[in-house]
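Here the structure comes first, spelled out in structure tokens, and everything after it is commentary.
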């Protein structure tokens, strides 16, 4: 039988805390899971520094990718059973699209590296481009599996992830404002952090999802379930993803990698602690193989070496990161931003290099948006279908969603060493500096001292 | 105020998926959590290779240690409120013991290293001895915090963990057949694997727990809750901890470390891949500092280097471990053990070094035992207290517990390369060897071929 | 010891699916639970006709009342431990208020009867007035228990429920926009319906709750938890409490009781089916004893008799209610309301008495409101407390809450017999009438037929 | 299309707290749910007096019946997908059996009345015979629906429930030691009581279930999941179903009905309180229609009338039942049974009629049994299937199951009025009697006084 259609003689399952079981039916999917590149996702945490705030959130990208696959599989099952296409262009579901959808779901995050966001910032890598490269480069095991389906299959899977695939139903399953990716990570991050803000009624949403010519729509009677999902997403951002302590640990990580890079460029790094696997990135000349060797443990291993560096700043930042010594922070807005230089001056006076020990970091997200053709990246809006077939955009019928539509949420914060907030530093030389600094902060915000 | 009594102005909480919140009230406890040695536990998985079978079980020892602390805190609260001592020796609870109990609970696993069981097997380290060393050696941050309570406090905490502390109530809280440690890990491992075999009614067990002169007892009316806990523990061993796939990954890990050590001893290791942080262990001459630098990520980083080794076996085992390519296995018993050499011979014929690619591994546990003074390590039996104060040993009143009392459970398995089970290896040179091999296996057991 | 202070020798617990355990510590509370009036709450469903839509929601008011008690107990524990009063008027918590708070929590719903809303509508009873009567009338067991505390204690408990008690902290615990009552019913109704819309983080909300002079406030850092509660409440109303099918069953119930009353007033009721326990209500002359004999089962028993009535309408409505044959409905607004008489005419033509078989019913709720002195019943707004002690009203800091503040939500619906939507009634005499009727309905709304 | 094959245009769902959603696909099933006889199950509690111990357990038989249907549906889906029959007698699943299985699952409890166990004891009704009558008697709506499928269909459904249906796969789905009925009630009763003893891994059990010639078997690898189910079942019996307080309330109920019957037979019942709907049962001459009018609320309504009876015993027992005033109890065994007459004598001396106020009640269950042809009702044993197709009986491979196989569990208890345990009855006339009585009880058992 063609590899494409090859089903496992006996369905295989993975026990999953979020979906109970994940069902693997195609040989292709099982083979992809068993590739070196996919197994590597076990060594990359899904939420990076968030586990330093929510200690339960130590789960890796591996489980999330399986989860996105599973949700996609359930969507396909529903579409195949209830909305099969009868004629081309009728808006029904063509189940020949199932395999490309499942592969794209499984592999959508395959290009992620350790501490992605920060790593990309310092070393100018791009996980989306790397995903495409992993899918299409003949050196990877993933590509070798996909090739067996057909020579153009790797490119098709890549097209889905890049949103250039012709069938919008497939694209929107994997990537839209309410897709398998977002649905899995909300439930999963909720479960592992132990908060329940990210909970919503997955079964009901899957039930009201329907294909149509323009992609995917939701039956009107499911409006409140969709609304609940949007609100859950908003709350996870507010309460978990934007948590100031995790962001402060990311600031430390950013400065730590930057310092290492700066030292390397100025040939000042200790010989003993040469980070072999990072050199291609310091040299800005890396191969896919170099990239695929990295994971959280590799970076942490170098940090552990750097603890013993003769460079004080490198050693101190590495220690702060590994031993979880977060910076403190306060909210800033346009009015109070001009105060930052004065604060940085005080921080320098207290003995810190202000460049490596402070940051202004904004965490903003657009919880939901209706389609706006003038935007750089207009989002596919969420459409609800009435009984007579007509569509209504979500925010026109939900007060809650309208309240957060098109608004950026989150805050901007100024991060600084915890030492600046010392209170009982009786004998401390820097006491007057600390006291002056503290006058700038009230109710978690920067203020003009009076 | 004395450091010992210093309470946080505002109780601090950690969000925990198992206990909802973990409440920190003492400055001492918060300071211990913030030590370098304790934060390191974030980088050591609680269940080692089990996460390769149950992908959700990626949680670290950090959360478990907080959980054991939290259960101990709740036991102390209950004992203080309901059973305070009135006179020395009356069997009541003396709340002056609270701090030593909490510290011992929090730190009982502080000496664990990466993949403890296997690592100890190859390098002859001992996590219990290391725990004591971390508590009592002046070089650690943990010791420095404990010292502040009183000079003999580190030794007291160590005594609890070593079970030599005079008050049996404190010892049994942390270490007995139904202690805070076991109760937390059953619930936690259950949660993260996504199975529910480890669930039992923690609140009810805490309610029926009572101090007495001999340690800790349980009110008779709680018998079924205690029974349920014992059965849950048994089932977690059978279904999760003894899972053949995880054990096979542990076999690979064991052989991988052994091979590296063998190569090092014979000076055959590649220069490029010198595992700097492992050298003290290869040389059998390591300091506490050396030990504390290790974690899962450090070992995995070396494995990643070893993938590229010129030594075929080292490279292959490293790849099998990192890419999760488990061995297969079959049950063995006394009758069929004599068949193993013949099987190993076939495995050699198929091109594998039988030493590095097979193992016979038994997973046995004593789910519960009544006290038996003739045993090497007699266990503290579980006592139920009747209304008139008399005690009954658990297995005398529970049929279920009696069924598994004093019996070792688990199985013995022979592990071998998956290749030996190839079926459609039409063109394969080794086909006849595989076929002969397969005649030895029926219904997951070794059998005499007919 | 004074009865007021009498604690149970051993705390008593009730196993509860929502709060795990409910802890009873005072003899007074246990005695109240054991009164005839309180036990009667077991025979009155918490959600009336909602169980006909969500079949799991068959829970009674008994469990809810225990739950409100338990949340109140936990609030008191928190206030006593963390915010005890030091001097009169300092805004701290005076734990002498605990017992009155606990009793008011436990008894706040004691005056509820079967299918309260509808019953009150037809028979002009008032469950709030009846609650006060049960507390203060010497004939009840509840009053006899409360009297033992002190002669004025029944009146104090009643004052809390009537919001005239001097201490606003006690009043707001039991009755405000975020009180023990609402918190319990959201969690409980969520659990029993099997939806999760009503879930919110109770533990966190209890942690950030604080007493102050004006009543109860919430620490600023708990803003998102409070927001989540408001949104959950909104969603439970939208998805559960306002469900059109439950409302249609309430319409039938209303018409059924009305018809029975009409028949009684015109002496047309069958002798056999004399509803002995309802007569005082038909005669509009009932005692407290008469009221306390009623429960869901008593009413259903009469309905069962009425099934066999010679009065066609009474028999049919009773059957529709007992056998769950809901009416259908469509949304109405100001524009389409004038269409209703035409629809009723068609319904009459199809053989139904439009008075007994249709209704226009609006389900509106104010999910949250800031204080507005011009309102008839201004609500206590939710205040958040910043670190420096200043207060902020919730909707000024939450976009989501602001979106639903002061807005009435819900919809207005026109209910009618399902028969009017018949489609394949080929041989039916009324087919043309049905067809005409159906032209008035599109996408779940009344429309002008075209 | 034939009514038998008629599928709903759009699958209908019921939200269920245990199974999340229950999926209705056949018009027949929907029509059965909408019958008067099935809707009546909403008014009969699943666990009778157990809700007086576990207040959450107020759920009715309605939800349970839907749950049994849903589990059966999932079994059929699995069998149809993975084990379809290829040739008659090959042990595969013939999906033409689906509808009869689903109907039998849904209707297996349709003959239950209020407080079945006790009611049957007093009035000699038989819920199994009544179930068959409801299915086969042309006067019921249920029969009218089933008739539409085919004239012999009602009898077929009845045969499944009576275990005389020729296909053992269908019979064992609904009724065996591990069937849809038991699986649903364990999960459901666990959920509503709020205990978790009844939890087991339903998804996994459904996965390992397989049809074969002899009925249903389980794949060997699922052994521990099946074992866990048996143990859960055992624990639910021990901790929930056999709870002494619920049993004592059942004793009161039994005596209350018996007293009413005795009074009626001796023409001593008050005219005012004539229990119209019970008369046919007092007269031992009832029709199916009479039976179907009964429900929990009807009985409670009569109890409420009887509270005011001039007969002291009837009034007192009714009050004890409605106001939940349980009897006390102590364990009895063969040795101590001869003490009971002496105790009853003391109880008489304290003013109680020993016949109506005491009972000796045993709660025994056989948690699991292997097949024993010598038994009156030999049970279908649970078979595990090995890879080569051979079968092993469960207790031969599970220590835990063997421990409870063929053993009756539970206890025998003597119930008596709580007054007998009075302690501080200083001024009480009966104090010496109470004191003598109390010498017979130690550690919850009858003992010979010393």
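Chains as they are written, first to last, in full-length UniProt numbering: chain X, 1 to 450; chain Z, 1 to 450; chain R, 1 to 450; chain L, 1 to 450.
Glycine included, C-beta positions come from ideal geometry on N, C-alpha and C.
Going by other Cβ atoms of all chains shown within 10 Å of its Cβ, with 16 needed for buried, is residue 440 of chain X buried or exposed? The residue in question, residue 440 of chain X, is buried, as its Cβ has 16 or more Cβ neighbours within 10 Å.
Beta carbon proximity, residue 298 of chain L to chain R, threshold 9 Å: Yes - at least one Cβ of chain R is within 9 Å of the one on residue 298 of chain L.
Ends of the alpha helix (DSSP H) at residue 439 of chain Z? No alpha helix (DSSP H) holds residue 439 of chain Z; DSSP gives it neither H nor E.
Sequence-distant residues of its chain with Cβ nearer than 8 Å to residue 453 of chain L (five each side left out): Residue 453 of chain L cannot be examined here, being either before or after the span of chain L that is shown, 1 to 450.
Is the beta carbon of residue 193 of chain X sitting closer than 9 Å to the one on residue 54 of chain X? Against a cut-off of 9 Å, the Cβ pair of residue 54 of chain X and residue 193 of chain X comes out as a contact.
Closest residue to residue 315 of chain Z among Z:263, Z:284, Z:433, Z:168 (Cα-Cα distance): Looking at Z:263, Z:284, Z:433, Z:168, the one whose alpha-carbon comes closest to that of residue 315 of chain Z is Z:263.
Please classify residue 124 of chain X as buried or exposed, where buried requires at least 16 other C-beta atoms within 10 Å of its C-beta. So residue 124 of chain X ends up on the exposed side.
So, helix, strand or coil for residue 218 of chain L, using DSSP? In the three-state DSSP reduction, residue 218 of chain L falls in the strand class (E or B).
So residue 226 of chain X and residue 197 of chain X are supposed to be a Cβ contact under 8 Å. How far apart are they, rounded? Wrong, their Cβ atoms sit about 17 Å apart, outside the cutoff.
Across which residues does DSSP place residue 255 of chain L in a beta bridge pair? By DSSP's assignment, residue 255 of chain L forms no beta bridge with any residue.
Assuming residue 275 of chain L and residue 290 of chain L are in contact, meaning their beta carbons sit under 8 Å apart, how far apart are those beta carbons, in whole angstroms? Not really, about 12 Å apart at Cβ, beyond 8 Å.
Candidates X:268, X:44, X:211: which alpha carbon is nearest residue 94 of chain X's? Looking at the Cα atoms, X:211 is the closest of the given residues.
Using 10 angstroms around the beta-carbon of residue 232 of chain L, count the other beta-carbons present and answer buried if the total reaches 16, otherwise exposed. Around the Cβ of residue 232 of chain L, a 10 Å sphere holds 16 or more other Cβ atoms; the residue is buried.
Please compile the residues from chain L whose C-beta is within a distance smaller than 8 Å of the C-beta of residue 203 of chain X. What residue 203 of chain X touches in chain L: 20, 21.
From L:418, L:309, L:421, L:222, pick the residue whose C-alpha is nearest to that of residue 387 of chain L; which is it? Taking the Cα of residue 387 of chain L as reference, the smallest distance to any Cα among L:418, L:309, L:421, L:222 is reached at L:222.
Just mark residue 277 of chain Z as buried or exposed, buried being the case when its beta carbon has 16 or more other beta carbons within 10 Å. That one is buried.
I need the boundaries of the alpha helix (DSSP H) containing residue 9 of chain Z, first residue and last residue. Element bounds for residue 9 of chain Z: not the alpha helix (DSSP H) but the beta strand (DSSP E), 7–16.
Counted within 10 angstroms of its Cβ, other Cβ atoms place residue 176 of chain R as buried (16 or more) or exposed: Burial state of residue 176 of chain R is buried, judged by a 10 Å Cβ sphere holding 16 or more other Cβ atoms.
Starting from the Cα of residue 50 of chain L, find the closest Cα among L:115, L:108, L:101, L:449 and give me that residue. Residue 50 of chain L has its Cα closest to that of L:115, out of L:115, L:108, L:101, L:449.
What's the gap between the Cα of residue 368 of chain Z and the Cα of residue 12 of chain X? Residue 368 of chain Z and residue 12 of chain X: Cα-Cα distance of roughly 34 Å.
Less than 9 Å separating the beta-carbons of residue 416 of chain L and residue 328 of chain L? Yes, these two residues count as a Cβ contact at 9 Å.
Does residue 446 of chain X come within less than 9 Å of chain R when only Cβ atoms are used? Closer than 9 Å to the CB of residue 446 of chain X there is not a single CB belonging to chain R.
Own chain, CB closer than 7 Å to residue 191 of chain L, minus 5 neighbours either side, in chain order: Excluding residues up to 5 positions away in sequence, 17, 18 lie with their Cβ nearer than 7 Å to the Cβ of residue 191 of chain L in the same chain.
To the nearest angstrom, how far is it from the Cα of residue 531 of chain R to the Cα of residue 83 of chain R? Any answer about residue 531 of chain R is impossible in this case: the structure gives chain R only from 1 up to 450.
Give me the chain Z residues within the contact set of residue 219 of chain L, using Cβ-Cβ distance strictly less than 7 Å, ordered along the chain. What residue 219 of chain L touches in chain Z: nothing, since even the nearest Cβ is about 11 Å away.
Measure from the alpha carbon of residue 382 of chain Z to the alpha carbon of each residue in Z:31, Z:229, Z:339, Z:6, then state which is nearest. Ranking the options by Cα distance to residue 382 of chain Z, first place goes to Z:229.
Does the beta carbon of residue 397 of chain R come closer than 9 Å to any beta carbon on chain Z? Residue 397 of chain R does not count as touching chain Z.
DSSP on residue 417 of chain X, reduced to helix/strand/coil? Coil, per DSSP.
N- and C-terminal bounds of the alpha helix (DSSP H) containing residue 345 of chain R: That run of the alpha helix (DSSP H) goes 340–349.
When the Cα atoms are used, what is the spatial distance from residue 410 of chain Z to residue 247 of chain Z? Here the C-alpha atom of residue 410 of chain Z lies approximately 12 Å from the C-alpha atom of residue 247 of chain Z.
Going along the chain, which residues of its own chain have a beta-carbon closer than 7 Å to the beta-carbon of residue 181 of chain Z, five neighbours each way excluded? These residues qualify, in order along the chain: 68, 108, 174, 175.
Could you name the residues of chain L that residue 39 of chain R contacts, counting a contact when the two beta carbons are closer than 8 Å? Correct list: 322, 323, 324.
Please list, in chain order, the residues of the region 172–194 of chain Z that have any C-beta partner in chain L closer than 9 Å. Legend: CB atoms of the region 172–194 of chain Z lying less than 9 Å from CB atoms of chain L are not found in any residue.
Beta-carbon neighbours of residue 311 of chain L, restricted to chain R and to distances below 9 Å: Against chain R, a Cβ distance below 9 Å from residue 311 of chain L picks out nothing, because the smallest value is about 19 Å.
Should residue 402 of chain X be flagged as near chain L, meaning a C-beta pair shorter than 9 Å? No, because no Cβ of chain L sits closer than 9 Å to the Cβ of residue 402 of chain X.
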